[in-house]
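Residue numbers (our numbering): 3 to 117. Following: one structure in structure tokens, then a few remarks.
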Amino acid sequence: MAPTADTIFARILRGEIPCDQVYADAQCLAFRDVAPQAPVHVLVIPREPIARLDEAQDEHAALLGHLLLVAARVARQEGLADFRTVINSGAEAGQTVFHLHVHVIGGRPLAWPPG
Ligand code: AMP
Numbered sequence: 003m004a005p006t007a008d009t010i011f012a013r014i015l016r017g018e019i020p021c022d023q024v025y026a027d028a029q030c031l032a033f034r035d036v037a038p039q040a041p042v043h044v045l046v047i048p049r050e051p052i053a054r055l056d057e058a059q060d061e062h063a064a065l066l067g068h069l070l071l072v073a074a075r076v077a078r079q080e081g082l083a084d085f086r087t088v089i090n091s092g093a094e095a096g097q098t099v100f101h102l103h104v105h106v107i108g109g110r111p112l113a114w115p116p117g
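Right under this line is the structure:
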């Protein structure tokens, strides 16, 4: 597993590269995806470098809940009545950045199941 300190999201958190921020607090940061898959596509990431969901521990329960609450808050802030949250865990599931993140996607009808 690639060390999370070297991911692009860690660099965003350190302020080394810019992002289009929509929300921030002591535990997480939310910013627009650079390659949006819908009119609204925001990523919510924890400041703590957890690589992927299945590496989260019991001690992260409150943080994981907070990320989902922030995802809903961001969706409201973006004017979305309906939206989808996605967490890809692992390469075969589509994860490309190994720093845990919640996708918040909306602003168009979304098909199911995803590819
Ligand atoms: P995943 O495929 O679930 O790991 O999602 C990673 C997401 O990060 C993709 O949707 C990328 O478009 C997005 N992404 C990669 N680099 C950046 C960046 N510098 N700023 C914003 N989003 C990014």
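Even for Gly, the Cβ is constructed at its ideal location relative to N, Cα and C.
Cβ shell of residue 82 (< 7 Å), same chain only, five flanking positions each side left out: Working through the sequence shown from its first residue, we reach residue 82 at position 80. Once the five neighbours on either side are set aside, the close Cβ partners of residue 82 are 42, 108, 109.
At a cut of 8 Å, does the region 82-101 reach the region 18-37 through at least three beta carbon pairs? They do not touch, by the three-pair rule.
Residue 76 beta carbon less than 8 Å from that of residue 44: Taking the first residue of the sequence shown as position 1, residue 44 is located at position 42. Taking the first residue of the sequence shown as position 1, residue 76 is located at position 74. Yes, Cβ-Cβ distance for residue 44 and residue 76 is below 8 Å.
When every heavy atom of the ligand AMP is checked, does at least one fall within less than 7 Å of the C-beta of residue 96? Residue mapping note: residue 96 aligns to position 94 of the sequence shown, counting from 1. Residue 96: yes, Cβ under 7 Å from the ligand AMP.
Please go through the same chain and pick out, in chain order, the residues whose beta-carbon is closer than 7 Å to the beta-carbon of residue 39, but skip the five residues on each side of it. Here residue 39 is taken as the residue at index 37 of the sequence shown, counted from 1. Taking C-beta separations shorter than 7 Å and ignoring five residues to either side along the sequence, the partners of residue 39 in its chain run 107, following chain order.
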